[in-house]
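J.: Okay, here's the structure, questions in a sec.
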Amino acid sequence: MTPTEILVVDDEVGIRELLSEILEDEGFQVRLAENAQAARELRAKHNPALVLLDIWMPDSDGVTLLKEWKLAGQLTMPVVMLSGHATIETAVEATRIGAFDFLEKPIGLQKLLATVQRALKHVRAKPKASIDLSELGASAVIVELRGRLEALMSDLRPILLTGEVGVGFTECARALHEPNTPWILLESGQRLISNPLEILESARGGTLFCSEVALLSRSEQRSLAFMLGKMTHYGVRIVCASSEPLGQLSGEGRFDPALYSALSATTVVVPPLRARRADLSGLIERCALAFSLDAPTRLTPDVRALLEAAPWPGNLIQLQSVLSSLLLSNNDTITIDHLQAILGDLQEPSAPQLPQLPPEFFELPLREAREAFERVYFENLLGRESSNMSRVADKAGLERTHLYRKLKQLNIRFPRRASAE
54 MTPTEILVVD DEVGIRELLS EILEDEGFQV RLAENAQAAR ELRAKHNPAL
104 VLLDIWMPDS DGVTLLKEWK LAGQLTMPVV MLSGHATIET AVEATRIGAF
154 DFLEKPIGLQ KLLATVQRAL KHVRAKPKAS IDLSELGASA VIVELRGRLE
204 ALMSDLRPIL LTGEVGVGFT ECARALHEPN TPWILLESGQ RLISNPLEIL
254 ESARGGTLFC SEVALLSRSE QRSLAFMLGK MTHYGVRIVC ASSEPLGQLS
304 GEGRFDPALY SALSATTVVV PPLRARRADL SGLIERCALA FSLDAPTRLT
354 PDVRALLEAA PWPGNLIQLQ SVLSSLLLSN NDTITIDHLQ AILGDLQEPS
404 APQLPQLPPE FFELPLREAR EAFERVYFEN LLGRESSNMS RVADKAGLER
454 THLYRKLKQL NIRFPRRASA E
């Protein structure tokens with residue numbers, strides 16, 4: 054069993070050695086730092102379970118370092134402040150920032166060990182993580198999803214969220230995120246390939262979220278796989294999401310197999326709206342109030358009934374988009390006509406009219422056929438919407454950033470002016 058690690062920070066070598074000897078005799082592994090800079094480096098490298106921090110040091114005082122860790126979201130361990138001549142005001146300030154306790158020098162053996170044991174017991178006794186998924190609803194399906202996510206809070210294994218477009222990947226990832234720690238949205242680009250450790254450093258002690266991981270390039274996927282191997286060292290929780298079947302993409306050679314293997318070990322399926330219609334009434338109310346405080350009086354019962362009956366293939370994103378269009382309009386009262394004009398293709402057609410495809414299309418392998426269809430689909434959509442990216446994203450049920458990635462992946466060019474709309 055790995056011994057509990059304690060970091061001792063004090064500029065006096067005699068005190069460092071004395072505390073080290075006492076704590077090592079008790080079975081702890083002790084790291085020693087003579088100043089704030091050394092403390093930063095050792096805390097970053099080893100992520101100790103407890104820090105004993107001297108207030109007065111030559112390069113930076115302990116309270117300043119404590120505040121620095123707090124603001125950076127790195128105060129993830131209890132810190133006991135040490136001082137031989139601190140004022141009450143200093144002790145109060147350190148406690149306000151987040152110090153666990155305060156010990157005056159010279160430090161008695163029994164008091165030191167009692168304080169250390171209390172601090173470590175406090176860490177172990179922290180209440181079980183509770184996740185808030187109220188933004189997704191309160192149905193039995195969401196309660197089950199919340200339980201699944203809460204069970205994953207105890208360690209830093211990578212998590213893969215799967216499901217349809219717009220189901221609430223970001224809300225789930227945010228629920229897994231520890232408050233007051235860094236939240237980093239992993240974007241595709243050169244920095245992901247060239248500086249993966251820099252990204253991990255910026256997310257240290259927090260959460261790194263990659264939405265629609267299938268849209269990353271192969272080089273970016275390999276870089277992400279490398280980061281998964283380093284995440285525990287940096288104390289980073291990595292959450293990825295995908296609305297595409299990664300197992301199938303991996304089998305077709307379109308997704309890095311090593312990355313898929315690492316991510317698929319812990320997969321959580323986020324259910325679509327149609328699988329939890331009990332949530333729709335509350336979600337409509339919540340979303341509507343976000344756009345208009347007088348929404349309850351503007352949405353008539355028949356409009357609400359139609360909203361609750363709609364199939365919502367684009368899930369939450371589509372629901373939010375429709376309510377935004379309705380409630381940000383100048384209509385005092387929202388009627389069925391207003392709603393149907395916006396819903397349009399949302400209503401499930403009885404006999405969908407599909408475009409005729411050339412016979413050679415059906416001779417292609419599935420991967421090539423899918424790419425060919427997606428290329429035709431998005432080129433057609435761009436043309437119909439005059440390259441208005443907001444409308445294209447809405448029609449496709451994608452977030453704007455995901456749309457740009459998909460177009461880039463398919464080598465579809467679009468007017469640069471469109472990206473600014």
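Residues 54 to 474 in our numbering are what the sequence shown spells out, letter by letter.
Think of the CB as a built atom: it goes at the ideal place given N, C-alpha and C, for glycine as much as any other residue.
Model, not experiment: these values are computed from the prediction.
1. When DSSP labels each residue in this structure, what does L381 get in the three-state scheme?
2. How would you label F464, buried or exposed, when you count the other beta carbons within 10 angstroms and need 16 or more for buried?
3. Starting from the Cα of R93, find the closest Cα among L250, R437 and E121 and give me that residue.
4. Compare the Cα-Cα distances from R69 to each of Q243, P364, R84 and H286 and report the closest residue.
5. Would you mind giving the Cβ-Cβ distance between C263 and V323, rounded to the nearest angstrom? I have them listed as a contact below 8 Å.
6. Let me check understanding here. Comparing Cα to Cα, which of G151, G221 and S136 lies closest to S373?
7. So, is D398 buried or exposed, given that buried needs 16 or more other C-beta atoms within 10 angstroms?
8. Using DSSP's beta-bridge definition, name the partner residues of T260.
9. Cutting at 8 Å between CB atoms, please list the residues of its own chain near R210, excluding the five before and the five after it.
10. Less than 6 Å between C-beta atoms, sequence neighbours within five positions excluded: which residues of the same chain meet that for R428?
11. For L128 versus P101, is the C-beta spacing smaller than 7 Å?
12. When you compare only the Cα positions, how much space is there between H175 and T168?
13. Please state the DSSP three-state secondary structure of P402.
14. When the distance is taken between beta carbons, is L135 closer than 7 Å to D107?
15. Determine the burial state of N433: buried for a count of at least 16 other Cβ atoms within 10 Å of its Cβ, exposed for fewer.
16. Taking a contact to mean a Cβ-Cβ separation below 7 Å, would you say A267 touches L302 in this structure?
17. Whose CA, out of G67, R227 and N441, lies closest to the CA of E203?
18. Would H455 and E265 be called neighbours here (beta carbons separated by less than 7 Å)?
19. Specify whether the stretch 212 to 221 and the stretch 240 to 251 touch according to this definition: at least 3 beta carbon pairs, one from each stretch, less than 8 Å apart.
20. With respect to the alpha helix (DSSP H) encompassing A362, which residues constitute its N-terminal and C-terminal limits?
21. If you run the structure through DSSP and keep just helix, strand and coil, what is A422?
22. Can you tell me whether D63 is helix, strand or coil according to DSSP?
23. Would you identify the three-state DSSP class for A226, choosing helix, strand or coil?
24. By the 10 Å Cβ neighbour count, where 16 or more other Cβ atoms means buried, how is Y313 classified, buried or exposed?
25. Who are the Cβ neighbours of L419 in its own chain at under 8 Å, not counting the five residues just before and after it?
26. Can the beta-carbon of I337 be found less than 7 Å from the beta-carbon of L316?
27. Since I believe G219 is in contact with G335 (beta carbons under 8 Å), could you give me their beta-carbon distance rounded to a whole number of angstroms?
28. Whose CA, out of R351, L261, L229 and I150, lies closest to the CA of S241?
29. Go through its chain and collect everything with a Cβ distance to L396's Cβ below 7 Å, but skip five positions before and after it.
30. Are there 16 or more other CB atoms within 10 angstroms of the CB of F415, so buried, or fewer, so exposed?
31. Would you tell me roughly how many angstroms separate the C-alpha atoms of A475 and M206, rounded to the nearest one?
32. Going by the beta-carbon positions, is the gap between L95 and A89 smaller than 7 Å?
33. Would you tell me roughly how many angstroms separate the C-alpha atoms of S443 and I370, rounded to the nearest one?
34. Run the CB neighbour count on T234, radius 10 Å, all protein chains shown included, and call it buried at 16 or more, exposed below.
35. What does the alpha-carbon distance come out to for the pair E478 and S255?
36. Given a cut-off of 7 Å on the beta-carbon distance, is the pair S192 and A331 in contact?
T.: Let's see:
1. coil
2. The sequence shown places Asn at residue 464, not Phe. N464 comes out exposed.
3. When only C-alpha atoms are compared, the closest one is E121.
4. Minimum Cα distance to R69 is reached at R84.
5. Rounded, the Cβ-Cβ distance is 15 Å, inconsistent with contact.
6. At residue 373 the sequence reads Gln, which differs from the Ser that was named. Ranking the options by Cα distance to Q373, first place goes to G221.
7. Only weak support is given to the placement of D398: the predicted model assigns it a pLDDT of 48, under 50, and the value that follows is read from those uncertain coordinates. By the 10 Å Cβ count, D398 comes out exposed.
8. W236 and R290
9. A318 and T319
10. L463
11. Cβ distance not < 7 Å, so L128 and P101 don't count as in contact.
12. In a straight line, the C-alpha of H175 is about 10 Å away from that of T168.
13. Summary for P402: the model assigns pLDDT 40, below 50, so the residue's position carries little reliability; its value from the coordinates is reported in the next sentence. If DSSP states are grouped into helix, strand and coil, P402 belongs with coil.
14. Their beta carbons are under 7 Å apart, which means D107 touches L135 by this criterion.
15. exposed
16. yes
17. R227
18. yes
19. no
20. P354 to A362
21. helix
22. coil
23. helix
24. buried
25. Cβ within range, chain order: E305.
26. no
27. About 17 Å separates the two Cβ atoms, so there is no contact after all.
28. With respect to the C-alpha of S241, the residue from R351, L261, L229 and I150 having the closest C-alpha is L261.
29. A363 and V375
30. With fewer than 16 other Cβ atoms within 10 Å, it is exposed.
31. With the chain represented from 54 up to 474, any question about residue 475 goes unanswered, as that position is not in the structure.
32. no
33. So the two alpha carbons sit approximately 13 Å from each other.
34. Buried: at least 16 other Cβ atoms inside 10 Å.
35. The question about residue 478 has no answer, for the chain in this structure spans 54 to 474.
36. Less than 7 Å divides the Cβ of S192 from the Cβ of A331.
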